[in-house]
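Step one of this worksheet: look at the structure below.
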Amino acid sequence: MEALINGVHLRYEVHGEGEPVLLVHGFPLSRELWRPLIEPLREQYRLILPDLRGHGESEASAEMSMARYAEDLAALLDHLGERRPVVLVGLSMGGYIGFEFCRRHPERVRALVLANTRAQADSEEAARGRRETAEKALREGSGVVAEGMMGKLFAPDASGELRERWRGIMAATPAEGVAAALRAMAERPDSFDTLRRLDRPVLVVAGEEDAVIPVEDARRMQEAVRDARLEIISGAGHLTPVEQPERFVAALRGFLDTLGSSASGS
Ligand code: MLT
């Protein structure tokens, strides 16, 4: 499906009925990241899968920020008539956007799932590197960014077929979207305070072999939140939901089961 959201055409899918779960992919990925969750969870949940602005099949804008991505999500929920608080599941950049969404719309968040992500901001050096890569993407296309990421995204045992599929998705991301996301990530604030103040259930998911965001960063987030759960998924790198779908679904379902129904006030 497609909708005009904050002036741009965004693609998204909605599956199932039940408590809303908003699935926010990372960079430079697409809603395909969540495909393995649909069949197992659609019986019980309303799954909302956007392609973020400038990713997948959604239109790009030259300038983005975590705030603009978060406002796109809020406007999409409005468009869908979804006024209930959501379980927001964010992977990597999706987690960075999730923090911003919590700052701007705390009343719309029922629980937070932080997968393969981190709460700290970029170092000066990392931010500079991102800005340079943004320029390179605009000059040479998204393929260079995709190639640069390929070596780090997957656990060593990931199949060639899975790797090629994601190489293609990343390379097809519009260069304008890639550059805008890189600059937006470079600008993002530290989110540990947001996490500490968040009065919501939190699940942290890490890939045991994630070479982009180490398990150590997941532990730091877990320690920042009282009663946060941590699930470390073996056999997974950075793209846990597609590398180890059954384990990811089991971890998510286990967490969702503890939330009960929002209608019952639990
Ligand atoms: C992502 O998967 O969203 C990115 O790798 C995150 C990042 O570069 O910090």
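When we follow this note's numbering, the leftmost residue of the sequence shown carries the number 5, and every step to the right adds one.
Glycine included, every Cβ here is placed at the ideal spot set by N, Cα and C.
As the structure is a computational prediction, the values presented were derived from the model and not from experiment.
Of the residues assessed, H13 falls on the exposed side of the cut-off, its CB having fewer than 16 other CB atoms within 10 angstroms. By the C-beta criterion, the segment 61 to 76 is judged not to be in contact with the segment 163 to 170, since fewer than 3 inter-stretch pairs fall below 8 Å. Taking the C-beta atoms as reference points, L95 is found nearer than 8 Å to P245.
If the five residues before and after L41 are omitted, its C-beta is found closer than 8 Å to the C-beta atoms of L27, L51, P245, P249, F252, V253, L256, all from its own chain and listed in chain order. Comparing alpha carbon positions, the residue from V18, E212, R132 closest to L157 is E212. L37 sits in a helix when the DSSP states are folded into three classes.
According to the DSSP assignment, G102 belongs to the alpha helix (DSSP H) that extends over 97 to 108. Taking A179 as the centre and dropping the five residues before and after it, the same chain places the C-beta of A141, L142, G145, S146 closer than 7 Å to its C-beta, in chain order.
Ranked by how close their Cα comes to the Cα of R46, the residues E17, F196, H83 have E17 in first place. Under the rule that a run must span 4 or more residues, the alpha helix (DSSP H) segments found entirely inside the segment 68 to 99 read 70 to 83.
Shown here, E213 sits in coil according to DSSP, grouped into three states, outside any helix or strand. Going by beta carbons, V117 and L207 fall inside the 8 Å limit.
The continuous stretches of alpha helix (DSSP H) do not include P24, which lies in the beta strand (DSSP E) extending over residues 23 to 28. With a beta-carbon spacing of about 7 Å, G58 and M68 fall inside the 8 Å limit used to define contacts. The ligand MLT has no heavy atom closer than 7 Å to the beta-carbon of F105. The count of Cβ pairs closer than 8 Å, one atom from the segment 178 to 198 and one from the segment 101 to 111, reaches three, so the stretches are in contact. Taking C-alpha positions only, E111 is separated from H83 by approximately 17 Å.
Excluding residues up to 5 positions away in sequence, N120, G241, H242 lie with their Cβ nearer than 6 Å to the Cβ of D214 in the same chain. Listed as beta-bridge partners of V208 by DSSP are L118, L234. Rounded to whole angstroms, the gap between the alpha carbons of E151 and S266 is 43 Å. In this structure, the beta-carbon distance from M225 to A125 does not fall below 8 Å. Taken through DSSP and simplified to helix, strand or coil, V229 comes out as coil.
Cβ-Cβ separation between Q48 and G85: approximately 20 Å, too far for a contact (criterion under 8 Å).
The C-beta distance from R134 to M189 rounds to 6 Å, short enough to fall under 8 Å.
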